[in-house]
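What follows is a short report on a single structure.
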Amino acid sequence: MTISMKIPSRELWSYFGYGLGQCFSFGLVGSFINYFYTDVLGISALAASTIFLVARAWDAIHDPLFASVMDTIQTRFGKFRHFMLLAPFLITLVTLASFYNIDAPMGTKILYAGATYILWGTLYAISDIPFWSMSSVMSSEPKERTKAVTAAVLGVNAGIACASIFFPRLTAFFAPGSGDHGYFMATVVMMVIGLLLMINGFWNIKERVPPSSEKVTMRDTFHNLKNNRPLFFVLAAFFFCVLHNIANGIYIYFFIYNMGDGALQAAIGVMGILAAIACLTAPLLTRRYKKRSLFIVLCALDIVVRVILWFSGYHNMTWLFILLGLSTVFVMMSNLFTSAMIVDTIEYAEYKTNKRCAAITFSGQTFTGKMSVAVGGGLVGIFLTAIHYVPQAAHQTESVMNGLFFGISLLPAIGSLIRIGFMWFFDFTEDKHAEVLVILEQRRKSGEVFEEPQQPGELLPSGRA
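Be aware that the sequence shown starts at 96, since it is given in my numbering, and climbs by one per residue.
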C-alpha cells in the first residue's frame with residue numbers, strides 16, 4: 096500500500112503564499128532590471144546583455160551543483176524545508192541591492208550590476224529549488240501533489256503578475272524627489288510584503304514523504320539525473336516556452352506602435368492573474384484525464400487561438416484581449432502540468448537508482464526556466480533587428496508593425512507546436528507512475544535494495560510497461 100497523505104487547505108494556501116512572495120522578486124528582476132540598468136544606472140544595453148549571458152553560464156554550473164548538495168542533507172526540519180527559512184531573507188536583501196542606484200564611475204556601476212545580478216540568480220535558486228522540491232514530499236498521493244503544484248503555479252504566476260501591475264504604480268508614487276525613478280523604495284515595499292509571505296509559508300508547510308533509506312552522495316544525485324529519461328522530454332517542452340517569452344518582450348512595442356498606448360501592457364498582468372485563477376480547475380481535470388494528454392490539448396488550443404488572432408487582426412481591441420487572455424490560460428495551465436509531471440519523474444529515477452533525489456530534478460526546472468526567459472529576452476533584440484525596427488522612432492513602418500503582430504501571434508504558436516512534439520515522446524504516464532509507487536513502497540517495507548532494471552523501458556519485473 097502506498098503512502099497517502101492529504102494536504103490541509105491552510106498548508107496549500109501557505110505554499111501558494113511562499114510562491115507569491117518569492118516571485119515578487121522574480122517578477123521585478125525579470126521585467127524591470129534591464130530598464131533599471133540602462134535608464135537608471137546608465138550602463139549600455141551591451142553591458143547588460145553580457146551580464147545576463149555570464150549569469151546564465153554560472154547558473155548552468157551552480158543550480159545542479161547546489162541541488163546535488165541539497166539532496167545529500169537531512170535536518171530536523173526535513174530535506175528542503177530548512178532552506179525556506181533562510182532563503183527569504185537572502186532574496187529580499189539581494190533584490191534590494193539589485194535595484195540600488197549607486198553613485199560611482201561607469202566601470203564600477205557595471206561591476207556592481209553584474210555582481211548583484213549573478214548573486215541574485217544564485218540565491219534565488221537556494222529558494223526556488225527547495226520550493227518546487229517540497230511539492231514532491233508534501234504528499235505521495237498524485238492527486239494531492241497536483242493540488243500542491245497547482246498552488247505553487249498559482250503563487251508563482253500571481254507574484255509575477257502583481258509585480259507587473261503594482262511596481263510601476265509604486266515607482267510613480269515614489270518618483271518625485273527620487274534620483275532613481277522611485278525604483279528602490281518601490282522594491283522595498285514589494286519585498287517586505289514578499290518576505291512576510293515566504294516566512295509564513297515556511298512555518299506552515301510540512302514534509303511527509305520519507306527520504307531514501309540509503310545515504311545519498313553527490314555522485315548518486317547526478318547518476319539519478321542521468322537515468323531520469325522522462326524528465327528530459329518534459330524539460331525540453333518547458334524550455335520551448337522561449338518563443339512565448341519572446342512575445343512577452345515584444346508586447347510593449349506592439350502596444351506602443353500598433354495599438355498607440357503602451358499602458359495597455361498592464362492588461363497582460365491582469366490576464367496572468369485571471370489565468371492563475373483558471374488553473375484552479377487543474378486538480379479536477381487530472382481526476383479524469385492524463386496530464387500528458389491535457390498538456391497536448393492545451394498547446395493545440397493555444398495554436399488555434401494564435402492562428403485565429405493572426406487572421407482576425409488586432410484592430411478589434413476586445414477580440415484581441417479575449418484571444419490573448421485565452422492563450423495566457425492555455426500556456427499557464429500547460430506549464431502547471433509540466434511541473435506536475437516533473438514531480439512524477441522523481442519516483443521514476445528513484446525506481447531506476449534506488450535513490451530519491453528531488454532537488455537535482457527540480458534544479459532542471461529552475462535552470463530551464465531561467466534559461467528560457469534569458470534566451471527569449473536575448474532573442475527579442477534579434478527579432479526587432481530582423482523586422483527592421485527603428486529605436487525611438489515616433490512611428491514604425493507597416494512592415495514593422497506586421498512583424499510585431501507576427502511576434503505576438505504566430506511565433507508563440509510555433510513554440511506550442513514544438514512543445515507538442517517533445518511531449519509526444521513522454522510516456523511515463525499515470526499508469527506507469529502508479530506501478531512504480533507500488534514497487535517503491537514494497538522496497539521500503541522490505542528494506543531490500545533492488546538492482547537497476549536491465550531494460551530501460553521495463554517498469555515491472557514481469558515486463559509489463
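All C-beta atoms, glycine included, are put in the ideal place defined by N, C-alpha and C. Model, not experiment: these values are computed from the prediction.
Give, in chain order, every unbroken run of the alpha helix (DSSP H) that is at least 4 residues long and sits entirely within the stretch 384-454.
Runs found: 386-407, 412-448.
Could you tell me whether the stretch 397-408 touches the stretch 269-279, using the rule of 3 or more Cβ pairs below 8 Å?
Result no; under three Cβ-Cβ pairs closer than 8 Å.
On the three-pair Cβ rule with 8 Å, is the stretch 487-507 touching the stretch 192-212?
Short answer: they don't touch.
May I ask which residues mark the beginning and end of the alpha helix (DSSP H) holding Tyr212?
Per DSSP, Tyr212 is one residue of the alpha helix (DSSP H) stretching across 201-228.
At which residues does the alpha helix (DSSP H) containing Gln117 begin and terminate?
Start and end: 104-130.
Report buried or exposed for Ser429, applying the criterion of at least 16 other Cβ atoms within 10 angstroms of its Cβ.
Only buried fits Ser429, as 16 or more other CB atoms lie within 10 angstroms of its CB.
Mapping DSSP to helix, strand and coil, what is Gly367?
Gly367 carries a helical assignment under DSSP once its states are collapsed to helix, strand and coil.
Name the residue from Ser541, Lys540, His528 whose alpha carbon lies nearest to the alpha carbon of Ser235.
Of the listed residues, the one whose Cα sits closest to Ser235 is His528.
By alpha-carbon positions, which one of Asn353, Leu265, Ile255 ends up nearest to Gly364?
For the residues Asn353, Leu265, Ile255, the minimum Cα distance to Gly364 belongs to Ile255.
For Met280, I'd like the list of residues in its chain whose CB is within less than 6 Å of its CB, leaving aside the five on either flank, ordered along the chain.
Here the set comprises Phe269.
Strictly under 7 Å for the Cβ-Cβ distance: is Lys101 near chain B by that measure?
No chain B appears in the structure shown, which is made up of a single protein chain.
Find the nearest neighbour of Ile503 within the set Ile482, Ile391, Gly344, judged by alpha-carbon distance.
Of the candidates Ile482, Ile391, Gly344, the one whose C-alpha sits nearest the C-alpha of Ile503 is Gly344.
Taking DSSP's pairing of strands, which residues face Gly173 in a bridge?
Gly173 is bridged to Thr170.
Expressed to the nearest angstrom, what Euclidean distance is found between the alpha-carbon atoms of Pro183 and Leu396?
So the two alpha carbons sit approximately 37 Å from each other.
Quick one: grab the DSSP three-state call for Met286.
The DSSP-derived three-state label of Met286 is helix.
Could you give the DSSP three-state label for Gln537: helix, strand or coil?
Three-state result, Gln537: helix.
Between the alpha carbons of Asn322 and Thr448, how many angstroms are there, rounded?
Each residue's Cα considered, the two are about 8 Å apart.
Do Phe44 and Phe328 have their C-beta atoms closer together than 7 Å?
Here the chain comprises residues numbered 96 to 560, so residue 44 is not present and cannot be evaluated.
If you draw a straight line from the C-alpha of Val66 to the C-alpha of Ser541, how long is it?
Nothing can be reported for residue 66: it is not among the residues displayed for the chain, which extend from 96 to 560.
Among Phe334, Ala210, Phe127, Ala143, which has the Cα closest to the Cα of Arg514?
Arg514 has its Cα closest to that of Phe334, out of Phe334, Ala210, Phe127, Ala143.
Quick check: Thr524 and Ala377, are their CB atoms within less than 7 Å of each other?
Taking a C-beta distance under 7 Å as the contact criterion, Thr524 and Ala377 do not qualify as a contact pair.
Looking at Leu265: is its Cβ nearer than 7 Å to the Cβ of Phe111?
Inclusion of Leu265 and Phe111 in the CB contact set at 7 Å is not warranted, their separation being larger than that value.
In the structure shown, what three-state DSSP assignment does Gly250 receive?
Of the three classes helix, strand and coil, the one that applies to Gly250 here is helix, per DSSP.
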